[in-house]
Structures are given as C-alpha cells and as structure tokens.
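Novice: Chains as they are written, first to last, in this note's numbering: chain A, 1 to 625; chain B, 1001 to 1177.
What follows is the structure, given as structure tokens:
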C-alpha cells in the first residue's frame, strides 16, 4: 500500500480573518437576514466550535490550565493543548528559549512535566530527576535527585535503557527506575518520600513506563516481555508506596483480578482461568503480557484502561493457544484492580505485537448514536475504535501497510491472520508487514477536538522472521526468533499520519526517512509538533500537514513534545533530544550494522542511522520572540 | 623384604598412582582451570607485567570443533538474546574492534565466567569451564580472530552476516593494510 500526502481542503479561516470595517456592516445585515430566515441553522453553526463532534469526556480532559502534569496531558490522553499563542501563522518564528543537558547519552523518551513555575525531567538510566526553575532566566536547576539504580539493570533492558517520564500529583513527583523501583519525591525539595522496590532484575524485570496517578494510587507495570517475565500492573498507595493491588497479565483468574464483575464482550474471552488454559502447562509463568505503555482513566465510568504486552517467547510454536491475557486491553476498577472487560488485539500473537499503546478516550456519534469510545492506533497496524463501556470493537482499519493479517472480524472480534505470514520453528517467512516494532510502537499520538484528527507518529517497516528453539534461563532473553527488518513499501521508514476518526481514513500523511519514534502534541493554534530521528523538531499545520517550521537539534528525537504556559504568561514548547530506544539502539548502544539480527533485527533497517546522528541528551525549549 | 619396606613401597606406589590420576582429571590452577586473575586494563603502575596466558586457552583457540561448539552454545545459553549474532542489542557488539574488558581469550573467558558490572551475567554456575573456553574462542571468531580454516563456515539458520570464517579482522576494518 502506498500513500502520499493528501492535504484536506485549504483552510477557510482566511476568509473570516480578511475583514475590514466597511464590508463588516454589510455582513451584519446579511447575518440579520439570515438570522430571521434560518434561526435553527445558525444556532447549530454557532454551537459547533463549543461542542465539537468528537471530544474527550470533560471529566478526563478538564479545561487547560497551561501546565503539563502527566505525559499524556490528561486522563483521556489527548496530548492536546488549548494554548493558542503559537499558531499556524507565527510558528515559523519559533526560537530557542533555553536548553539543558540531561548528562546521559541514551534514548530520551520522557515527556517533561511543568507544574507551576517548575519543569521536571527524568533521564534514561541512571534515571536522574531534574527540577528546573522556570521563573528565572535560563531556567537554572532547582534540585536534582539521583536514585543510583543498579548498573546491572542495563543488561536486562530489552531495547535501550529508556524512561518514558514522571507524573505529578498532590505535591509529589512519581517516577520509576530501570532496576524496578517506584519513587515519590517532594516536588518542591526533591527529597524522597518513599521508595518501593517492586521489580526484580534477576528474573529480567525492569520498569521503563511513566506512572499514572489515579485516585491516590500510583499505577505501574513491568517490562520484560523479551526475558520471559510475567507481566503485571500494580497500584501503589500514593501516600506511602505500599502495594494496594497487583493484576497479572497471565495465570489464574484470581491473579489477573478477574471476578464476578468481568464481562468481556466476545466469546473468545469468556471462560474460567483462560490465563492458564490457553497456554501449554506452566508456560504462563514465563509468558510475558507485560505493561510498559500507557494507561488512560475515565472518572465517569471509574475505569482505567491499559494494554498488555506480547506473549513470550516470540516463537509462537512454543506456546500453542490464545495465550491470554497477552496482546490485549483491560478495563479495570482503579480502586480494586477488578477487571471489567478485556479484548485481545492479537490472540496467539505471531509477531511480537505488544498491545500497550496509548488509548485516547473520546465521546462521539457512531452511526447516529452517541458512544463513549476508546481510540487505539495498535501495533498490529489497525486503528481500533472500541466502545469503552463494553470493549466492543466498532471499527478496525489499517492505518498503513499490513499483510500479517487480513482484517478484524467484527462479529467474533478476532484478528484474521494471514496464513502466508505465519512464523514457526525452522521456517524463514519473508516480508511480514508490519514488523515486531509494529506499524506503531509506544510513541504516543495526539488528538485535536478542533480538527477531529488523530496525529499518529509511526513506522513503515517489514521483516523476515525465523522461529528457533530457545531455552528459558531466568534473567536472560527468551525470544526464539531470528528477525531482520527492512524498509516498508515506498522506502520511507517512518510516517506521520493525521487520521480522520469520523471518516475512518487518513486526512494526510507525511513521509519520513526514519521511523517517527517521537510522540506528538497538537494545540488549539492548529500546530502539531513531532521530532525525527535525524534530530529535526518540526511544527506542521494540524489541518494540512504543511511544514511551518523546523529546528535541527543536537541528536535524533524520540521524546514526547509538550507545550505549556510559562510563569511569564508566554507559550513554550519543550522536547528532549537524544536518539536511542529500540529504533535508535544502533547509535545509543553502538551496535554493529553488519549483523542483520542486531537489536532484535531493528539494526538491519537502521544501518545508516550512525551517519545521520550521534547520541545525545538535551532538553530544548522554544517560544516566539 | 621386611614388612616395613613393603609398606613404604606400597604407599609410594599408591601415592604415585594418585598423582597420575589427579593430573588427568583435575588440572591445577596454573595449568589452566580458568581461575587465574585476568586484568581488565593494560595500565599497571610500576611497569607492565608479562600478560598471563592460560595454557588451556591454546587448545581451544584455532580448533574447529571447539569453535563450532562455541557457536552452538552461544545460542543455547541465550548469549545471542543479548548480543544478537555479534552485532549486539541489550549487550554490546562482539564483532567490532571495541573491547570494554579486553580481547584476549582469557579476558573473554573471565567475562563469561564472572560477568561484568553493567549487565553481563555471571555464568560461573551455569556453564562448565571447558564450554566457557569454547564460547570465548567463538566470540573471538566474530571479530575475525580465528583462522578461517577453523572458524564456522555456515549457519543452520537465517544468515545474519557472512559466516565467521569470512568475517574480517575487526581491528583492520575500514583501514587499508
């Protein structure tokens, strides 16, 4: 499948903006006539901007206060800012306001936070937290906190030693360390308040995700799907860090917190202890289903939504069955962890399609009826729209080239596998699209209620796979798959696609040479920001995708942009630059491109990245002059 | 023969027999049990010592059987999970000319046996010593440090890179001879 930019109709705002005093009078009289002639019509029209057709529930996306207190901006995970000082017209004038070195030359995937007059950033391993004083020129350091994680943790982190950010709540900064700690700091002083050791690196467990704080609980999950680690999500008490509940991604119902409230929509997810019975004996104990991605929260429904990672090992022949509850999504009660529903994106996953991407919570009309939905650009290549009260799939459309499956059966909810692309022991299967890293990996998208578009940073890669035998040795990789990746159709390894949610098709798409491994942010000024792995930080028009401005940072960008109102009342945009992550491991880990299977096969598609960028770790903050 | 002499002779014979047994099955440290200390630096205040080489090493290096066994064990013990087929991933690349802890077979043997601080596990209790030597010899072949007549020639699986017997000496990569 090939796609070029398809700009939507040029904006009509210019017509309204182009007014002068004289014609205004005439316009007024026309309006008056119109008003008499068609009052209901005009009412509808004037109402449009205040209640857009698709918007997040207000309880999960309150009015913008100019801060950025969690990586996803709000519980609905829209990554949308209502700030308008920077807009399509003036974005070209953006300038650097200040920079700051994190001192760590590894992949910088974190979103900075801004609370009041302070910015907080977390570095990759060794997970240093910095507080920068935004009220002073140059944003000097207010404090820093060094958790000194165990150096050995670096060896068991599958894909660079990244950290996806911190979360702020009730005067505290919460963050995770690679060696399995969740730590609460006093946001003012940087003093540690509690430190909970919840992951064990000796079985290959690490933590890379950003926590989410919901109702006084810090939600955290583990990484380790490539190490035979059994996945879990824990809720820690924000006050003292004790574990309130733990929900596993595999195993008996009681471990998964499946009880009488559990009502999955599809038959394939109904039955007792499916987390045991859909595996070969005992395999669920080392079966993955980790939670290292994003969580959303709907206060009205009192539900959190989180995905589950790939089953382990990757070689599917070694784990016949649907491998519940891996590569799926849970809705849970945040107070108890009790599961409400589950849906499996990729039953018996064949290609490392983790199901942990972001879920954007939106309310929209679906075939004439208002529905509470959850929008998920998924690793397996489909843009899912789910009813978030039930887990029913309303729509699943590929947002890029997919040949590993032939669609989603909306009746049974099941992904329709393509038998030609089925992997197994001793068999080399070629040109599987998307790759293990997915059409889209962790890199979070952004949604604008003004345009109704979801801005998706993603990959365009295919791969060859061969299943091989693998021994489970605790604390070492448990993969069993030889992989080598290649650029996808068209040769551009990345794309930035604006997806029209109502129309279920792309509005426009931009090609990028390398995978777009950075997150996105969109503003009410109709500007979308994202970064490229060469190091360009770009502002494009939210309506057309036209490039408005770009700035070349010191290293490749794989971080999450944010925008905030500074103490001076001005709008700022911030991004961490510093290449790495799975896609950039060739640079941050100095891997050898002559081995096609290096970094689980990703290096083969990124051979030239070393010529395009070098490792780094710098915060850039921009504003208008 | 007096009983005393007989006893002494018997004792001597027995002892001699013990000695011979011991030489075969349990080589002493100095003969290369892989236990001797291996410096991880070439800096030695007060002058450089002659680098200690392990006698056992020689019988593993340049030996086709041991190299191919090393290749098999490299997947078997999940080295390939972290180092891929030499290009690296969670662990560093092993086919390049950059060595954190030394390129000698003794250093590599020590790395596998004792582990290294930033995430290389210690396999001391998992892998018998001879097999650690086989692994170490194979690791060296990844950077072209094994005679092409002895290094593995083909892969049973998807080819990740040219076979080990055709890999160039990483130290001369990109440089004219």
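For each residue, glycine too, the CB sits at the ideal point set by N, CA and C.
Compute the distance between the beta-carbons of residue 354 of chain A and residue 309 of chain A, then report whether it is under 8 Å.
Specialist: Along the first chain, one-based indexing puts residue 354 of chain A at 354. Along the first chain, one-based indexing puts residue 309 of chain A at 309. Yes, these two residues count as a Cβ contact at 8 Å.
Novice: Apply the 10 Å Cβ neighbour rule to residue 1049 of chain B and answer buried if 16 or more other Cβ atoms are within range, or exposed otherwise.
Specialist: Start at 1 with the first residue of the second chain, and residue 1049 of chain B comes out as number 49. Answer is exposed; the Cβ neighbour count stays below 16.
Novice: When you compare each of A:218, A:215, A:555, A:224 to residue 208 of chain A by their alpha carbons, which one comes out closest?
Specialist: For the purposes of this step, residue 208 of chain A is taken as the residue at position 208 of the first chain. Between residue 208 of chain A and the set A:218, A:215, A:555, A:224, the nearest pair of CA atoms involves A:224.
Novice: I'd like to check one pair, residue 359 of chain A with residue 332 of chain A: are the Cβ atoms closer than 8 Å?
Specialist: If you number the first chain from 1, residue 332 of chain A lands on position 332. If you number the first chain from 1, residue 359 of chain A lands on position 359. No, they are not a contact pair.
Novice: Once DSSP output is grouped into helix, strand and coil, what is the label at residue 306 of chain A?
Specialist: Locating residue 306 of chain A in the first chain gives position 306, counting from the first residue. Note: residue 306 of chain A maps to strand in three-state DSSP.
Novice: DSSP state of residue 1082 of chain B, grouped into three classes?
Specialist: The sequence position of residue 1082 of chain B within the second chain is 82, counting from 1. Secondary structure at residue 1082 of chain B: helix, using DSSP grouped into helix, strand and coil.
Novice: Would you call the region 595-604 of chain A and the region 103-112 of chain A touching, i.e. three or more CB-CB distances under 8 Å?
Specialist: The answer is no - the region 103-112 of chain A does not touch the region 595-604 of chain A, with fewer than three Cβ pairs under 8 Å.
Novice: Using 8 Å as the limit for Cβ to Cβ distance, is residue 471 of chain A near chain B?
Specialist: The residue labelled residue 471 of chain A in the question sits at position 471 within the first chain. Closer than 8 Å to some Cβ of chain B, the Cβ of residue 471 of chain A qualifies, so yes.
Novice: For the putative contact between residue 126 of chain A and residue 162 of chain A, defined by C-beta atoms under 8 Å, what is the C-beta separation to the nearest angstrom?
Specialist: As a working mapping, residue 126 of chain A is identified with position 126 in the first chain. As a working mapping, residue 162 of chain A is identified with position 162 in the first chain. About 12 Å; that fails the 8 Å criterion.
Novice: What whole-angstrom Cβ distance do residue 251 of chain A and residue 288 of chain A have, given they're in contact under 8 Å?
Specialist: As a first step, residue 251 of chain A is located in the first chain; it is residue number 251 there, counting from the start. As a first step, residue 288 of chain A is located in the first chain; it is residue number 288 there, counting from the start. 12 Å between Cβ atoms; not a contact.
Novice: State the DSSP-derived secondary structure class of residue 420 of chain A, mapped to helix, strand or coil.
Specialist: Locating residue 420 of chain A in the first chain gives position 420, where the first residue counts as 1. Reduced to three states, the DSSP call for residue 420 of chain A is helix.
Novice: Secondary structure at residue 1142 of chain B, three-state DSSP: helix, strand or coil?
Specialist: Here residue 1142 of chain B refers to the residue found at position 142 when the second chain is read from its first residue. Correct three-state label for residue 1142 of chain B: helix.
Novice: Taking C-beta pairs closer than 9 Å, name the residues in chain B that residue 158 of chain A reaches, listed in chain order.
Specialist: The residue given as residue 158 of chain A occupies position 158 in the first chain. Per Cβ cutoff of 9 Å: 1089, 1090.
Novice: Return the first residue and the last residue of the alpha helix (DSSP H) that residue 611 of chain A is part of.
Specialist: Here residue 611 of chain A is taken as the residue at index 611 of the first chain, counted from 1. 609-612 is the extent of the alpha helix (DSSP H) around residue 611 of chain A.
Novice: With 16 other CB atoms within 10 Å as the buried threshold, where does residue 617 of chain A fall?
Specialist: By 1-based counting over the first chain, the position of residue 617 of chain A is 617. Buried.
Novice: Can you give me the Cβ contacts of residue 357 of chain A inside the same chain, cut-off strictly under 7 Å, excluding the 5 residues immediately before and after it?
Specialist: Indexing the first chain from 1 puts residue 357 of chain A at position 357. Excluding sequence neighbours, residue 357 of chain A sits near 293, 294, 307, 376, 377, 378, 379, 440, 442.
Novice: Assign residue 1047 of chain B to buried or exposed, taking buried as 16 or more other Cβ atoms, counted over all protein chains shown, within 10 Å of its Cβ.
Specialist: Position 47 of the second chain holds residue 1047 of chain B. Exposed, since its Cβ has fewer than 16 Cβ neighbours within 10 Å.
Novice: Closer than 9 Å, Cβ to Cβ, to anything on chain A: give me those residues from the region 1065-1081 of chain B, in chain order.
Specialist: 1075, 1076, 1077, 1078, 1079, 1080, 1081
Novice: For residue 1085 of chain B, go through chain A and note every residue whose CB falls closer than 9 Å to its CB, in chain order.
Specialist: Counted from its first residue, the second chain places residue 1085 of chain B at position 85. By Cβ distance, chain A contributes 482, 595, 596, 597, 598.
Novice: Expressed to the nearest angstrom, what Euclidean distance is found between the alpha-carbon atoms of residue 220 of chain A and residue 249 of chain A?
Specialist: For the purposes of this step, residue 220 of chain A is identified with residue 220 of the first chain, where counting begins at 1. For the purposes of this step, residue 249 of chain A is identified with residue 249 of the first chain, where counting begins at 1. Their backbone Cα atoms lie some 13 Å apart in a straight line.
Novice: Once you ignore the five residues that flank residue 166 of chain A on each side, which residues in its own chain have a CB closer than 7 Å to its CB?
Specialist: Your numbering for residue 166 of chain A matches position 166 in the first chain. Around residue 166 of chain A, the same chain offers 113, 120, 122, 129, 173, 174, 175, 210 as residues with beta carbons nearer than 7 Å, after the five sequence neighbours per side are excluded.
Novice: Which residues in the same chain have their Cβ closer than 8 Å to the Cβ of residue 563 of chain A, if we skip the five residues on either side of it in sequence?
Specialist: In the first chain, the residue the question calls residue 563 of chain A occupies position 563. Contacts found: 68, 81, 83, 86, 521, 523, 529, 571, 572, 573, 574.
Novice: Under 8 Å by Cβ, that's how I've got residue 78 of chain A and residue 265 of chain A pegged, so tell me the actual separation to the nearest angstrom.
Specialist: As a first step, residue 78 of chain A is located in the first chain; it is residue number 78 there, counting from the start. As a first step, residue 265 of chain A is located in the first chain; it is residue number 265 there, counting from the start. Rounded to whole angstroms, the Cβ separation of residue 78 of chain A and residue 265 of chain A is 25 Å, and the two are not in contact under 8 Å.
Novice: Output yes or no for whether 8 Å exceeds the beta carbon distance between residue 1070 of chain B and residue 1091 of chain B.
Specialist: In the second chain, the residue the question calls residue 1070 of chain B occupies position 70. In the second chain, the residue the question calls residue 1091 of chain B occupies position 91. It is not a contact, given that the beta carbons lie outside the stated cut-off.
Novice: Relative to chain A, which residues along the region 1156-1169 of chain B have a C-beta separation below 7 Å, given in chain order?
Specialist: 1157, 1158, 1160, 1161
Novice: For residue 240 of chain A, I'd like the list of residues in its chain whose CB is within less than 7 Å of its CB, leaving aside the five on either flank, ordered along the chain.
Specialist: Here residue 240 of chain A refers to the residue found at position 240 when the first chain is read from its first residue. For residue 240 of chain A, where only same-chain residues beyond five positions count, the Cβ hits under 7 Å are 194.
Novice: Rounded to a whole number of angstroms, what is the C-alpha to C-alpha distance between residue 1064 of chain B and residue 1151 of chain B?
Specialist: Counted from its first residue, the second chain places residue 1064 of chain B at position 64. Counted from its first residue, the second chain places residue 1151 of chain B at position 151. Cα to Cα, residue 1064 of chain B sits roughly 6 Å from residue 1151 of chain B.
Novice: Whose C-beta lies closer than 6 Å to the C-beta of residue 158 of chain A among residues of the same chain, with five residues either side of it excluded?
Specialist: Looking up residue 158 of chain A in the first chain gives position 158. Result list for residue 158 of chain A: 226, in chain order.
Novice: Measure the CB-CB distance between residue 404 of chain A and residue 432 of chain A and report whether it falls below 8 Å.
Specialist: Here residue 404 of chain A is taken as the residue at index 404 of the first chain, counted from 1. Here residue 432 of chain A is taken as the residue at index 432 of the first chain, counted from 1. Yes.
Novice: Residues of chain B with CB under 7 Å from residue 466 of chain A, in chain order?
Specialist: If you number the first chain from 1, residue 466 of chain A lands on position 466. Ordered by position in chain B, the residues that pass the 7 Å Cβ test against residue 466 of chain A are 1157, 1158.
Novice: What are the boundary residues of the beta strand (DSSP E) that residue 234 of chain A is part of?
Specialist: Mapped onto the first chain, residue 234 of chain A falls at position 234. Run containing residue 234 of chain A: 232-237, per the beta strand (DSSP E) assignment.
Novice: Going by beta carbon distance, what residues of the same chain come within less than 7 Å of residue 1173 of chain B, once the five residues before and after it are set aside?
Specialist: Along the second chain, read from residue 1 onward, the residue named residue 1173 of chain B stands at position 173. Correct list, in chain order: 1097.
Novice: Under 7 Å Cβ to Cβ from residue 60 of chain A, same chain only, skipping five residues before and after it: list those, please.
Specialist: Against the first chain, residue 60 of chain A aligns to sequence position 60. The answer, listed in chain order, is 74, 75, 76, 297, 298, 299, 361.
Novice: Return no unless some Cβ of chain B is closer than 8 Å to the Cβ of residue 154 of chain A.
Specialist: Here residue 154 of chain A is taken as the residue at index 154 of the first chain, counted from 1. Yes, residue 154 of chain A lies at the interface with chain B (some Cβ there is under 8 Å from its Cβ).
Novice: So, at 7 Å on beta carbons, what are the nonlocal neighbours of residue 1073 of chain B in its own chain, with the 5 sequence-adjacent residues on each side left out?
Specialist: Numbered from its first residue, the second chain carries residue 1073 of chain B at position 73. Excluding its 5 nearest sequence neighbours in each direction, residue 1073 of chain B has C-beta neighbours in its own chain below 7 Å: 1131, 1134, 1135, listed in chain order.
Novice: Taking only three categories from DSSP, how would you classify residue 379 of chain A?
Specialist: If you number the first chain from 1, residue 379 of chain A lands on position 379. DSSP places residue 379 of chain A in coil when its eight states are reduced to three.
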